[in-house]
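To start, the structure itself, in structure tokens.
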Amino acid sequence: MTSLTDEYSLLAPGPVNLHPEVRKALALPMIHHRTPEFDKILKRVLTGIKTVFQTSEEVYLLTATGSGGMEALLVNILSPGEKVIAIVSGKFGERWAEMAKTFGANILTIDVPWGEAVKVSDVEELLKKNPDTRAVLCQACETSTAVSHPIKDIAAVVKNYSETLFLVDAITALGAYEIPMDAWGIDGIVAGSQKAFMLPTGMAFVAYSQKAWKFVDQAKCPRFYFDLRKEKKANGAGETFYSSNVAIIRALDVVLNLINAQGLNKLFDDIHRRAEFTRQFGQKLGFTLYAKSPSDSVTALVVPPQMDGQKIRLHLEQVHNITIMGGQDQAKGKIIRIGHMGYIQDHEQVRLIECLGHTLRHFDPDFMSLEHVSNIAQEAKNYLEQNP
Numbered sequence: 001m002t003s004l005t006d007e008y009s010l011l012a013p014g015p016v017n018l019h020p021e022v023r024k025a026l027a028l029p030m031i032h033h034r035t036p037e038f039d040k041i042l043k044r045v046l047t048g049i050k051t052v053f054q055t056s057e058e059v060y061l062l063t064a065t066g067s068g069g070m071e072a073l074l075v076n077i078l079s080p081g082e083k084v085i086a087i088v089s090g091k092f093g094e095r096w097a098e099m100a101k102t103f104g105a106n107i108l109t110i111d112v113p114w115g116e117a118v119k120v121s122d123v124e125e126l127l128k129k130n131p132d133t134r135a136v137l138c139q140a141c142e143t144s145t146a147v148s149h150p151i152k153d154i155a156a157v158v159k160n161y162s163e164t165l166f167l168v169d170a171i172t173a174l175g176a177y178e179i180p181m182d183a184w185g186i187d188g189i190v191a192g193s194q195k196a197f198m199l200p201t202g203m204a205f206v207a208y209s210q211k212a213w214k215f216v217d218q219a220k221c222p223r224f225y226f227d228l229r230k231e232k233k234a235n236g237a238g239e240t241f242y243s244s245n246v247a248i249i250r251a252l253d254v255v256l257n258l259i260n261a262q263g264l265n266k267l268f269d270d271i272h273r274r275a276e277f278t279r280q281f282g283q284k285l286g287f288t289l290y291a292k293s294p295s296d297s298v299t300a301l302v303v304p305p306q307m308d309g310q311k312i313r314l315h316l317e318q319v320h321n322i323t324i325m326g327g328q329d330q331a332k333g334k335i336i337r338i339g340h341m342g343y344i345q346d347h348e349q350v351r352l353i354e355c356l357g358h359t360l361r362h363f364d365p366d367f368m369s370l371e372h373v374s375n376i377a378q379e380a381k382n383y384l385e386q387n388p
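Residue numbers are given in the working numbering: position 81 of the sequence shown equals residue 81, and the series is strictly consecutive.
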């Protein structure tokens, strides 16, 4: 069976384990961002990243965290006083609503119970009452709850309103499962480097539909660094407007080559396999699923009632050298969250299940026997071998 003292394993919803080829790229000597060598890399990346977004529109590379990309999507189409429907089902929905409020938007909130997905009918009903809404905001995956929202169906509703844009925070989703921007009619989408792109934290990737670009010049929100018109002009000349994040963009070039070599569907299948594994064997250990519409990018497991999820994740890290995440706000102490993106090998998944079993025993030796932990770990190993 697996050793409980293996090397460090990062199984959080982000940041994630880096692919060995990415680590090699990050270790290369620095080059300047205004050189022919980097120009070639940037050109490849700006073209290649469209494949992951599944769009023919331009994708812009911002040196910022995903939250910076969320802000960029807002300020480039929004004017103070305009109505924004914010779907709030967790911490990141709350964050985006607060951002829009900061820039003067008139926020109409759809509050969704944590662990549940938004009802499309609720969005439809609110839009009918407020047809002058400028934007609808939704997470593809609400990272704090591991819930996947019905993005395709919401996009179909918003598409009927010529003055309303559908903006999607796909930071914990894009590249992890199917979210085709053009085919579904998504008007604005943001992804983050530290998730399915398996890069370090530090870059946000954003794209607008042609419908959205019609509102960019008329938007009155203050914008300077996140003014996408500057990036659009600079990218057209083969550059970024501000200093390029050379290290991450060069590593992104490697990632896009890896994705292109295996194909998006294979990438999605691999992540789905990890998610299914975690959901199945997490429940065998005595956890239950928190999300009623679970995402493939991250799984939230409800801890046994007599235990504390924060203590479980801390013990797992300090004793077994594995990092996962706990719950936030109202879910703090009640759940643990396990990510499925990045460079994750089968033995890491088996070790996680085994170490989780030992961790549960640490807090309650009567919860399950050592034999039971070993049997589940062996079953987990067999499952992955039989389902490559």
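Ideal Cβ positions, reconstructed from N, Cα and C, are used throughout, including at glycine.
Model, not experiment: these values are computed from the prediction.
Inter-segment contact for the region 205 to 222 and the region 5 to 24 is absent: fewer than three beta-carbon pairs are separated by less than 8 Å. In the three-state DSSP reduction, Asn-382 falls in the helix class (H, G or I). With a beta-carbon spacing of about 7 Å, Leu-356 and Leu-316 fall inside the 8 Å limit used to define contacts. Here Leu-28 carries a coil assignment [DSSP, helix/strand/coil]. Judged by DSSP in its simplified three-state form, Gln-218 adopts coil rather than helix or strand. Secondary structure in the region 238 to 315: the alpha helix (DSSP H) runs of 4 residues or longer, each lying completely within the stretch, are 246 to 262, 264 to 284 in chain order. Val-136 is positioned such that its CB atom lies no closer than 7 Å to that of Ala-105.
Sorting Leu-174, Ala-183, Ala-156 by C-alpha distance to the C-alpha of Gln-194 places Leu-174 at the top. The region 149 to 161 and the region 115 to 125 touch, with no fewer than 3 CB-CB distances between them shorter than 8 Å. Pairing Tyr-8 with His-340, the inter-Cα distance amounts to about 16 Å.
Taking the Cα of Ile-324 as reference, the smallest distance to any Cα among Gln-310, Glu-379, Arg-274 is reached at Gln-310. Around the Cβ of Lys-266, a 10 Å sphere holds fewer than 16 other Cβ atoms; the residue is exposed.
For Met-325, the three-state secondary structure derived from DSSP is strand.
Our two residues, Pro-131 and Val-350, have alpha carbons roughly 50 Å apart in a direct line. DSSP places Arg-361 in the helix class (H, G or I) of the three-state scheme. Met-70 is positioned such that its CB atom lies no closer than 7 Å to that of Val-246. Counting along the chain, the unbroken beta strand (DSSP E) around Ile-85 starts and ends at 83 to 88. Judged by DSSP in its simplified three-state form, Arg-134 adopts coil rather than helix or strand. Nearest to Gly-188 by C-alpha distance, out of Leu-108, Ser-295, Leu-73, is Leu-73.
If you check the CB distance, Gly-286 and Pro-304 come in under 7 Å. In the assembly as shown, Tyr-60 is a buried residue. Its beta-carbon has 16 or more other beta-carbons within 10 Å. Annotated three-state conformation of Ile-151 is helix, per DSSP.
In the pairwise beta carbon analysis, the region 218 to 234 is classified as not touching the region 37 to 52: fewer than three pairs are separated by under 8 Å. Within the DSSP secondary-structure output, Val-190 pairs in a beta bridge with Asp-169, Val-206. A contact between stretches requires three or more CB pairs, one per stretch, nearer than 8 Å, and the region 13 to 31 fails this requirement with the region 366 to 374. Note that the region 269 to 278 does not touch the region 94 to 103; fewer than 3 beta-carbon pairs, one per stretch, sit closer than 8 Å.
Rounded to whole angstroms, Trp-114 and Gly-185 show a C-alpha spacing of 27 Å. Between Val-298 and Arg-337 a beta carbon distance of about 6 Å is seen, short of the 8 Å cut, so the two are scored as contacting.
By the neighbour-count definition (other C-beta atoms within 10 Å, threshold 16), Leu-18 is a buried residue.
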